[in-house]
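Undergrad:
Number of protein chains: 4
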Amino acid sequence: MASPTDLHAAPTAAVGTTPPVGTPIRVGIIGATGYVGGELIRLLAAHASVELVGLTGRERRGDPVGDVHPHLATTDFALESELVGDVDAVFMALPHGTAAQRVPELLGRGITVIDQGPDFRLRDAADYPRWYGFEHPHPELLARAVYGLPELHRAEHLAAGKARAAGTPALVGSPGCYPTATVLALAPLARAGLIADVVVDAKSGVSGAGREAKAEMLYAEVNESVRAYGVFSHRHTAEMEQELGLRGLDFLPHLIPMTRGILAAAHVRPLRPVTQAELDALYAEAYADEPFVTVVDAPPATGHVLGSNHARVFVRADERTGRILAIGVIDNLVKGAAGQGVQSFNLVFGLAETAGLEALPLAP
Amino acid sequence: MASPTDLHAAPTAAVGTTPPVGTPIRVGIIGATGYVGGELIRLLAAHASVELVGLTGRERRGDPVGDVHPHLATTDFALESELVGDVDAVFMALPHGTAAQRVPELLGRGITVIDQGPDFRLRDAADYPRWYGFEHPHPELLARAVYGLPELHRAEHLAAGKARAAGTPALVGSPGCYPTATVLALAPLARAGLIADVVVDAKSGVSGAGREAKAEMLYAEVNESVRAYGVFSHRHTAEMEQELGLRGLDFLPHLIPMTRGILAAAHVRPLRPVTQAELDALYAEAYADEPFVTVVDAPPATGHVLGSNHARVFVRADERTGRILAIGVIDNLVKGAAGQGVQSFNLVFGLAETAGLEALPLAP
Amino acid sequence: MASPTDLHAAPTAAVGTTPPVGTPIRVGIIGATGYVGGELIRLLAAHASVELVGLTGRERRGDPVGDVHPHLATTDFALESELVGDVDAVFMALPHGTAAQRVPELLGRGITVIDQGPDFRLRDAADYPRWYGFEHPHPELLARAVYGLPELHRAEHLAAGKARAAGTPALVGSPGCYPTATVLALAPLARAGLIADVVVDAKSGVSGAGREAKAEMLYAEVNESVRAYGVFSHRHTAEMEQELGLRGLDFLPHLIPMTRGILAAAHVRPLRPVTQAELDALYAEAYADEPFVTVVDAPPATGHVLGSNHARVFVRADERTGRILAIGVIDNLVKGAAGQGVQSFNLVFGLAETAGLEALPLAP
Amino acid sequence: MASPTDLHAAPTAAVGTTPPVGTPIRVGIIGATGYVGGELIRLLAAHASVELVGLTGRERRGDPVGDVHPHLATTDFALESELVGDVDAVFMALPHGTAAQRVPELLGRGITVIDQGPDFRLRDAADYPRWYGFEHPHPELLARAVYGLPELHRAEHLAAGKARAAGTPALVGSPGCYPTATVLALAPLARAGLIADVVVDAKSGVSGAGREAKAEMLYAEVNESVRAYGVFSHRHTAEMEQELGLRGLDFLPHLIPMTRGILAAAHVRPLRPVTQAELDALYAEAYADEPFVTVVDAPPATGHVLGSNHARVFVRADERTGRILAIGVIDNLVKGAAGQGVQSFNLVFGLAETAGLEALPLAP
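Residue numbers (numbering that gives the first Met the number 0), protein chains in the order written: chain A, 0 to 363; chain S, 0 to 363; chain U, 0 to 363; chain G, 0 to 363.
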């Protein structure tokens, strides 16, 4: 669980280390051909302080980005098999276990790394074999990595930013999509020590499953149907327990027929009776100054945040049952992946936290 | 909670009161213009023992069914404003509070009533003002009504059928869609007295919201989005608590972008540790002979039962957390409404329980 | 183009060759694991005159059908690698070029073949290399094969049925999905020699693309998007030209975000001015007695025929432009594939043409 | 048809009349509660040169924008019943016939008007009773109005901008969604005088039908279905004929199950044989310098432009049939409505044509 200090570090409007105008930060993307890669290009191409200098994808020497991401055909980027040229920072969007092997070399070259995968999210190295099935090759880096949820770890981001400015590149493990929605919904309760027991029942669009051809992800299989998956075994459970300071969290994800969006409904049995007024105060305190988290008073829909880095959080106490319901919604590819990575990047490079993330949600 | 005897009454292949071949049962539908009405026509038009003799819809004198239900344009039915002609049974698909006023007159004419609405589902008359906001006009009928979930109340159906054959028309309160999925998923656990606490998190297609024009149900509002609704207040909670013998059930429904289907995920904290083997035995015992309930060993999808009266149930014990997950999936318009009504009708009229419900699910 | 005689052969209610009750026709399915295979199982399992005795799928020795088609888990069929046991008829649902190689052996064993693929649809052997890229291995069978669109070729079906009863197994090339919708929409105009020029612009759900894992058919790629494909080169063009007796037909198919359904809009420039009254008479004459084709007077939706063997046809003359619009809608997996195959099978085996196809469409 | 000069006016990067930095243009929106209104807010709220000073919606005095457009809840705008305060420009998103009555008063106050409705799109006043069923109350304004498709009418926009700077407010009739997609696809052919005959078969998401509650636009009615509508009578036909200089254009729109996006497939019979090379040259000349129109060499999908002001155009000659196919895709709410309005606004106010429209498309 994030410490109170951490949670209260104010969002940054700008910090002293901002590069002078005219000296863009040189950024590369490793793994630019998937959905998260595409989102990173979309966001970073429009980021005023960024120069995208290298996009990599396997076996993609010289291919225009539009061949892989037709919606980006109007940009003039090309994909390369290997990252070429000097970069200040790299975003990685790779299968789990892959980034862990490549990061030390990048850090050694002074390159800040924002890893969109899970390889640097967990603090306890033992969680990797337990939940991901691989031994972490560089457990010594886990303590150094910042968990890239700025709303809970802003101070750590800023500290990493200071170190970066002093010559030590930063390493951010950007959170999973389900943990982002869930932890934002529950953090105020967890911090207040109110959770006796919690069931997290989440619903996700299918883009989280990635772009690889799998028969079970065909349109005809997904459309007009809903199913649970990852029963008792979803890897994101470890992150949620780590960030909420809980054990035995009951997490169940579902696949629903939509492309983007995650809704996490957290059903909480509190340690003591809690009033709605108390909840309102807790959540207002936690999120009043957050640029991307809005506490709402009607059940939020994922469609309210589509295509944006925004999150909506809703919390209600039930007098009849004595329970609390907390709901968080995000766009899994933005606040749940690429956008969140950019938010961390901004903090680490001393930019306005919202730089490149100003887009309002798209509806309907 | 259904008594064990009740639960174990064998499904009927045929019972002595079957009308002789060539004498179809004359059936009317009151409220034939909505989605449940359309499903009733679809199912009853193909039912070998039924003659559909009257379909009513407000202000619809003489309109061909195809004007309201274009998919049924090849049938030659017409809609009337009032039910005309003699009928043996009536299916009612009306807004809550409406059927309750009309049923006594129908029963008085010797007509068996299958009410697809909520007016005869609850045993405690006080639940109507509490959950539905109206005083029940005929509370004396609540004890007589059969809760139309044959898997739990088959013996009551058969008793009502005997009484019907002896001259007393039957009254069935056909279950709500969420309770059907939820109660089927949890009944074996409830009967075994294993539930300490349960969270029911359900996901529904939008056809359950009916056919009335509401801006919030427009395609552009529902598509590519998910949201919770009815927080702490959904009326179906009362039914679930009644049928499971629980109080303080935490029920949260969600609207997801699909037309048909309900998935109810029940997260159970058991009163004592339970093994998977014990669960398997409990569910096999409960459902081995049921024609419409299949216990499966992978998480079921609503797409596996689309367009059919089938339900799939899945149950798993989690060693790590000590919890139990039970999932039920149905097509909300068939097993959750019209199909279930026909199943009750079959029992009450001494027909094979599966008559008119033989269709396999449609996939993809 | 079908001859007038052909088109006017009356639908069969029953023909003398019906097997005696109690002697079901033994049927096998080769290629039972795809979407068309699943539909064949769904339909034939419920067909009163059929015993399904063999289902094959590659590398599937003994697998329960429910492993491949979870919606069919309540049936007790299993898949085999090879067809075993004696069968009277075989439905084939295989990639193009495959059936052509296996059919002679099956015919030689006296087995009637309903081929759901394209290998026996075209009369001119030269069309196979031109449109499909393979030389037909048995061009001598093309003249013998019946084009399985009963509404245009009923007399041929009945003749093949007579021959079958006399010992010569039948061979049916069941039409493609686009040609079914298109030819039904245009046949009355084509027969009347009214078409000067026609543009066929069609829209299809994605199930027609089959069940193979392809990245471009992932849910996230198909959802919320529409695109044309097969520009100037779709193989079904050959069938349409053959059946309509036209050359130079302009056919453009689109993929739209839905699972089932085809709508073909045919924009006709007529050879001479035509009135709506003339069109109404032409279409009424063509389809008044057809059990599966209904001429409607409002633009039909694919949702009006979902899950059924029904087609809807709509035709309108435009005084302003002098053009004619003809629209046909079907469910591509039923009337556009498996259902149509069963319809042909029924005719060839002397059964009621609608046997096993009685299901009304599913809506919403 | 636009004159060649018109078509060739270069896109503006910036023009001398740009207001000095620090003096934003004051903009109001009349009709801010619908889908186009929401898009206008989304775009203009992020427009660097705009200050949104008034949003109106019927009976909405003081309501926060988030009550009507939950995705915009993080903005601090409120809705008013009437436009209050001084504005330099007004966007109108009103039902047809309504804007025409209010525009003279606005122009009289020196306010530039961008009308997103049809009231100022047509040049011939007789087209209003013919296609829209109302007599235009101010036909004298039709000649003054600019048809707001900058790719064809850039010079007129710039002239209106000059007049505006000199004190005469501008009036733009922003094009319909179908005409935008269609005219962009066909303009190079029309300008070259190559079209003998054209069939335009278009497919649209449902957001174009607006936000009013209509039963036929319910999710359950639209999902998993496609249908044609507006047969021979769609009002946008008039615009297309006007802009392409054609008569008797055959236009057929379809409603498909998606929220945003229009694909127009134009099937052209050319006046003389045309080669692909000639088409490539024509389209390159027309669009090479256009910031929002990209000529692509594979059939474009609407998903390639989602949420953006981009259009994709594709053109192919078919040797076999001698026909030409031209396809245009847009997001109907952006390039087909609000975004196009902003593009016109930019030109008229001497801003960079792409100001506020820089967002890349969102995919998947």
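Ideal Cβ positions, reconstructed from N, Cα and C, are used throughout, including at glycine. The model shown is predicted, which means the values in this text are computed figures rather than measured ones.
#1: With a cut-off of 8 Å, do at least 3 Cβ pairs link the stretch 106-116 of chain G to the stretch 156-171 of chain G?
#2: Which residues in chain G have a C-beta closer than 9 Å to the C-beta of S:Ser307? List them in chain order.
#3: With a threshold of 7 Å between beta-carbons, can A:Arg41 be considered close to chain G, or not?
#4: Closer than 7 Å, Cβ to any Cβ of chain G: which residues of the stretch 311-333 of chain U, in chain order?
#5: Compute the beta-carbon to beta-carbon distance between G:Val230 and U:Arg315, rounded to the nearest angstrom, for a pair I have assumed lies under 8 Å.
#6: Please list, in chain order, the chain S residues whose beta carbon lies closer than 8 Å to that of G:Thr258.
#7: Is it buried or exposed, G:Asp123, if we count other Cβ atoms within 10 angstroms and call 16 or more buried?
#8: Quick one: is A:Val83 buried, meaning 16 or more other Cβ sit within 10 Å of its Cβ, or exposed?
#9: Within the continuous alpha helix (DSSP H) that includes S:Thr374, where are the two ends?
#10: Report the three-state DSSP secondary structure of A:Asp279 (helix, strand or coil).
#11: Should U:Thr301 be labelled buried (16 or more other beta-carbon atoms within 10 Å of its own) or exposed?
#12: In terms of residues, what are the limits of the beta strand (DSSP E) holding G:Thr111?
#13: Who are the Cβ neighbours of U:Ala159 in its own chain at under 7 Å, not counting the five residues just before and after it?
#14: In three-state DSSP terms, what is G:Tyr127?
#15: If you reduce the DSSP assignment to three classes, tell me which class U:Gly207 lands in.
#16: For A:Gly116, I'd like the list of residues in its chain whose CB is within less than 6 Å of its CB, leaving aside the five on either flank, ordered along the chain.
#17: Determine, for A:Ser203, whether the minimum Cβ-Cβ distance to residues of chain U falls below 7 Å.
#18: Under 7 Å, Cβ to Cβ, is there at least one residue of chain A near G:Leu281?
#19: If you run the structure through DSSP and keep just helix, strand and coil, what is A:Glu79?
#20: For my contact list, G:Ala280 and G:Ala325 are in at a C-beta cut-off of 8 Å; report their separation, rounded to the angstrom.
#21: Quick one, are the C-beta atoms of A:Val49 and A:Val26 less than 7 Å apart?
#22: Enumerate, from N- to C-terminal direction, the unbroken alpha helix (DSSP H) stretches of 4 or more residues contained entirely within the stretch 141-172 of chain S.
#23: Say the cut is 6 Å; is the CB of S:Val273 nearer than that to a heavy atom of the ligand PLP?
#24: How is A:Leu43 classed by DSSP in three states: helix, strand or coil?
#25: DSSP three-state call for A:Glu238: helix, strand or coil?
#26: Identify, in the order they occur along the chain, each residue of the same chain with its Cβ nearer than 8 Å to the Cβ of S:Arg210, setting aside the five sequence neighbours on each side.
#27: Can A:Val205 and U:Ala219 be called in contact, C-beta distance under 7 Å?
#28: May I have the straight-line CA-CA distance separating G:Gly56 from G:Ile28, to the nearest angstrom?
#29: Helix, strand or coil: which one does DSSP assign to U:Leu71?
#30: Restricting to Cα atoms, I'd like to know which of G:Leu140, G:His309, G:Thr320 is closest to G:Val370.
#31: Identify whether U:Leu324 lies in helix, strand or coil by the three-state DSSP scheme.
#32: In angstroms with no decimal places, state the Cα-to-Cα distance between A:Glu81 and A:Gln100.
#33: Of all the CB atoms in chain U, is at least one closer than 7 Å to the CB of S:Ala12?
#34: What in chain A is Cβ-close to S:His235, meaning under 9 Å?
#35: Starting from U:Gly27, trace the beta strand (DSSP E) both ways and give me its first and last residue.
#36: Would G:Val225 pass as a contact of G:Ile255 if the rule is Cβ separation under 7 Å?
TA: Per the coordinate set shown:
#1: With a cut-off of 8 Å, the stretch 156-171 of chain G and the stretch 106-116 of chain G count as touching, because enough Cβ pairs lie within range.
#2: Per Cβ cutoff of 9 Å: no residues; S:Ser307 is ~17 Å from chain G at best.
#3: At least one CB atom of chain G sits nearer than 7 Å to the CB of A:Arg41.
#4: Going along the stretch 311-333 of chain U in chain order, one finds Arg315, Asp317, Arg319, Thr320, Arg322, Leu324, Ile326 with a Cβ nearer than 7 Å to chain G.
#5: That pair is a contact at about 6 Å.
#6: Within 8 Å Cβ-Cβ: Tyr218, Ala219, Asn222, Glu223.
#7: When all chains shown are included, G:Asp123 counts as exposed.
#8: A:Val83 comes out exposed.
#9: Outside the displayed span of chain S (0 to 363) sits residue 374 of chain S, for which this structure offers no information.
#10: In the structure shown, the three-state DSSP call for A:Asp279 is helix.
#11: It counts as buried.
#12: Where G:Thr111 is concerned, the enclosing beta strand (DSSP E) stretches over 111-114.
#13: Excluding positions up to five away in sequence, the list reads Val145, Ala169, Val347.
#14: G:Tyr127: helix per DSSP, three-state reduction.
#15: Three-state DSSP puts U:Gly207 in a helix.
#16: For A:Gly116, where only same-chain residues beyond five positions count, the Cβ hits under 6 Å are Leu93, His95, Ala98.
#17: No, A:Ser203 lies away from the interface with chain U (no Cβ there is under 7 Å from its Cβ).
#18: No, G:Leu281 does not count as interfacial toward chain A.
#19: A:Glu79: strand per DSSP, three-state reduction.
#20: 15 Å between Cβ atoms; not a contact.
#21: The answer is yes: Cβ separation under 7 Å.
#22: Correct list: 149-164.
#23: For the ligand PLP, the structure offers nothing, since it holds no ligand at all.
#24: A:Leu43 sits in a helix when the DSSP states are folded into three classes.
#25: Three-state DSSP puts A:Glu238 in a helix.
#26: The answer, listed in chain order, is Thr32, Gly33, Tyr34.
#27: Closer than 7 Å, so yes.
#28: Those two C-alpha atoms are separated by around 9 Å.
#29: DSSP places U:Leu71 within a helical segment (H, G or I) once states are collapsed to three.
#30: Nothing about residue 370 of chain G can be read from this structure; chain G reaches only from 0 to 363.
#31: In the structure shown, U:Leu324 sits in a strand (DSSP, three-state: E or B).
#32: Cα-Cα distance, rounded: 15 Å.
#33: Because the pLDDT of S:Ala12 is 43, which lies under 50, any placement of that residue in the model is unreliable, and the number read from its coordinates should be weighed accordingly. No, no contact with chain U.
#34: In chain order: nothing, as chain A lies at least about 15 Å away.
#35: Per DSSP, U:Gly27 is one residue of the beta strand (DSSP E) stretching across 24-29.
#36: In this structure, G:Val225 lies near G:Ile255, with their beta-carbon atoms less than 7 Å apart.
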